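Quick notes on the structure that follows.
Here it is, written out as structure tokens:
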């Protein structure tokens with residue numbers, strides 16, 4: 016057995032090996048770091064923007080507007096914290112053993128599906144909140160009827176047009192990650208049903 | 014690229030290439046996988062705290078990335094697509110016949126390894142890289158006392174495949 020082991024090890028180590036393309040690797044690494052910083056910055060800046068708006072323009076807002084921006088700020092802060100946690104979890108997961116890694120990866124993909132579904136829900140919610148906001152403003156006599164209708168139509172079209180690509184993107188992610196989860200489940204099954212006769 | 018990582022690559026580059034060849038038979042996809050593995054290792058090394066040996070840590074990250082590749086492609090690589098592996102350049106000392114024989118054995122070993130279930134494949138290749146049962150357990154999560162049983166069966170299977178070539 017010892018000779019067998021030695022000859023197998025020798026054969027294995029004698030196989031032809033390739034070298035990674037260092038130039039491409041360097042480029043990818045830098046691009047990956049840039050993307051990570053960009054995603055993080057966008058999340059943080061959007062929250063800071065809303066918070067600054069609240070802080071510096073509080074006096075120019077009526078009560079309704081203030082509550083609206085406050086809800087958006089809290090929601091944005093929660094989403095930022097959640098996304099940072101998810102990214103940190105994804106990075107940490109790569110350091111686990113393979114069995115835990117696969118489980119973690121599956122959970123991550125399931126989370127991605129949940130986030131995508133939640134994003135789709137928030138798109139409808141944003142439209143609804145906007146409509147409610149305009150109706151309340153009209154009821155509060157902030158605008159006359161013609162101005163309220165005009166502003167409502169413009170805002171609705173603007174939000175719907177702006178959020179449509181996000182809705183499509185979320186839909187694509189749901190389809191993509193559902194397929195990924197199915198693949199991982201079949202891989203997990205193949206790991207646990209291997210004909211080694213060992214239950215791990 | 015910093016000097017530390019360049020040194021790590023000098024030390025473990027061949028090992029990373031062998032991890033890629035464990036999971037991917039197609040030459041071009043193998044090179045792609047090697048890039049992905051190396052990138053994952055580069056990123057993970059910044060978080061290395063010395064809780065295991067550097068080699069075990071690198072192998073864990075590399076195998077996880079490779080398993081991800083298998084999951085992404087949704088099927089295990091077919092050994093018959095593997096057509097571009099050959100023995101390293103002849104150093105001029107070995108005879109052409111023995112070199113050819115060795116090449117065939119290596120090809121046969123690679124084909125046999127890729128036919129193994131993923132868990133067994135990990136265990137046997139980690140062992141061929143010189144990792145102990147405990148270290149193998151740290152990489153793939155199989156209990157250390159089960160590693161030996163799986164390993165013995167796998168080695169026997171591989172030896173049978175290679176002996177067919179001789």
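Chains as they are written, first to last, in this note's numbering: chain V, 16 to 215; chain Z, 14 to 179. Think of the CB as a built atom: it goes at the ideal place given N, C-alpha and C, for glycine as much as any other residue. Source: prediction; values computed, not measured.
Separation of residue 82(V) from residue 25(Z), as counted between CA atoms: Position 12 of the second chain, counted from the start, is the residue given in the question as residue 25(Z). Position 67 of the first chain, counted from the start, is the residue given in the question as residue 82(V). Going from the Cα of residue 25(Z) to the Cα of residue 82(V) covers about 57 Å.
Cβ contact (3+ pairs, closer than 8 Å) linking the region 41 to 60 of chain Z and the region 125 to 142 of chain Z: no
Tell me, to the nearest whole angstrom, how far the beta carbon of residue 37(Z) is from that of residue 82(Z); I am working on the premise that it is less than 8 Å. For this step, residue 37(Z) is matched to residue 24 along the second chain. For this step, residue 82(Z) is matched to residue 69 along the second chain. 7 Å between Cβ atoms; contact.
Buried versus exposed call for residue 161(V) [16 or more other C-beta atoms within 10 Å across all chains shown]: Locating residue 161(V) in the first chain gives position 146, counting from the first residue. Result: exposed.
Are residue 47(Z) and residue 142(Z) close, meaning C-beta to C-beta below 8 Å? Counted from its first residue, the second chain places residue 47(Z) at position 34. Counted from its first residue, the second chain places residue 142(Z) at position 129. Not in contact: residue 47(Z) and residue 142(Z) (Cβ atoms no closer than 8 Å).
Where residue 78(V) and residue 60(V) are concerned, what is the direct C-alpha to C-alpha distance, given to the nearest angstrom? Residue numbering aside, residue 78(V) sits at position 63 when the first chain is read from its first letter. Residue numbering aside, residue 60(V) sits at position 45 when the first chain is read from its first letter. Straight-line Cα distance between these residues: approximately 24 Å.
Select from 64(V), 103(V) and 104(V) the residue whose C-alpha is nearest the C-alpha of residue 89(V). As a position in the first chain, residue 89(V) is number 74, starting the count at 1. Residue 64(V) is the option with its Cα nearest to residue 89(V).
Could you check the C-alpha separation between residue 117(V) and residue 118(Z) for me, to the nearest Å? Your numbering for residue 117(V) matches position 102 in the first chain. Your numbering for residue 118(Z) matches position 105 in the second chain. Computed Cα separation, rounded: 33 Å.
Starting from residue 23(Z), follow the alpha helix (DSSP H) in both directions and report where the run begins and ends. Residue numbering aside, residue 23(Z) sits at position 10 when the second chain is read from its first letter. That run of the alpha helix (DSSP H) goes 16 to 36.
With residue 80(V) as the anchor, note down where its alpha helix (DSSP H) starts and where it stops. As a position in the first chain, residue 80(V) is number 65, starting the count at 1. Its alpha helix (DSSP H) spans residues 78 to 108.
Alpha-carbon spacing of residue 123(Z) relative to residue 176(Z), whole angstroms: For this step, residue 123(Z) is matched to residue 110 along the second chain. For this step, residue 176(Z) is matched to residue 163 along the second chain. Going from the Cα of residue 123(Z) to the Cα of residue 176(Z) covers about 14 Å.
Residue environment, residue 151(Z), which counts as buried when at least 16 other CB atoms sit within 10 Å: Position 138 of the second chain, counting from 1, holds the residue named residue 151(Z). By the 10 Å Cβ count, residue 151(Z) comes out buried.
Regarding residue 100(V) and the ligand ADP, is the C-beta to nearest heavy atom distance less than 7 Å? For the ligand ADP, the structure offers nothing, since it holds no ligand at all.
With DSSP run on the structure shown, which of helix, strand or coil describes residue 145(Z)? Against the second chain, residue 145(Z) aligns to sequence position 132. In the three-state scheme derived from DSSP, where H, G and I count as helix and E and B as strand, residue 145(Z) is classed as coil.
6 Å CB neighbourhood of residue 171(Z) in its chain, flanking five on each side removed: Your numbering for residue 171(Z) matches position 158 in the second chain. The answer, listed in chain order, is 125.
Three-state class that DSSP yields for residue 76(Z) in the structure shown: Numbered from its first residue, the second chain carries residue 76(Z) at position 63. Of the three classes helix, strand and coil, the one that applies to residue 76(Z) here is helix, per DSSP.
Using DSSP with H/G/I as helix, E/B as strand and the rest coil, what is residue 24(V)? Start at 1 with the first residue of the first chain, and residue 24(V) comes out as number 9. Looking at residue 24(V) - three-state DSSP - the assignment turns out to be helix.
Quick check on the DSSP output: the alpha helix (DSSP H) that includes residue 42(V) runs from which residue to which? In the first chain, the residue the question calls residue 42(V) occupies position 27. Taken as a continuous stretch (DSSP letters only), the alpha helix (DSSP H) holding residue 42(V) covers 37 to 71.
Taking the alpha carbon of residue 108(V) as the point to measure from, which residue in 73(V), 119(V), 134(V) and 40(V) has its own alpha carbon closest? Position 93 of the first chain, counted from the first residue, corresponds to residue 108(V). When each option's Cα is compared against that of residue 108(V), the closest is 119(V).
Which same chain residues end up closer than 6 Å to residue 170(V) when comparing Cβ atoms and leaving out the 5 residues on each side of it in sequence? Position 155 of the first chain, counted from the first residue, corresponds to residue 170(V). Closer than 6 Å at the Cβ level, and outside the excluded window around residue 170(V), lie 145.
Three-state secondary structure (DSSP) at residue 155(Z)? Numbered from 1 along the second chain, position 142 holds the residue referred to as residue 155(Z). In the three-state DSSP reduction, residue 155(Z) falls in the coil class, being neither helix nor strand.
Would you be able to state if there are at least three C-beta pairs under 8 Å between the region 175 to 186 of chain V and the region 134 to 144 of chain V? yes
Outcome for residue 54(V) when other beta-carbon atoms lying within 10 angstroms are tallied against a minimum of 16: In the first chain, the residue the question calls residue 54(V) occupies position 39. Looking at its Cβ environment, which holds fewer than 16 other Cβ atoms inside 10 Å, residue 54(V) is exposed.
Please confirm whether residue 137(V) has its beta-carbon closer than 8 Å to some beta-carbon of chain Z. On the first chain, position 122 is the one that residue 137(V) refers to. Among the CB atoms of chain Z, none fall inside 8 Å of the CB of residue 137(V).
In chain Z, which residues lie less than 9 Å from residue 115(V) when you measure between Cβ atoms? Against the first chain, residue 115(V) aligns to sequence position 100. Neighbours of residue 115(V) on chain Z, chain order: 154.
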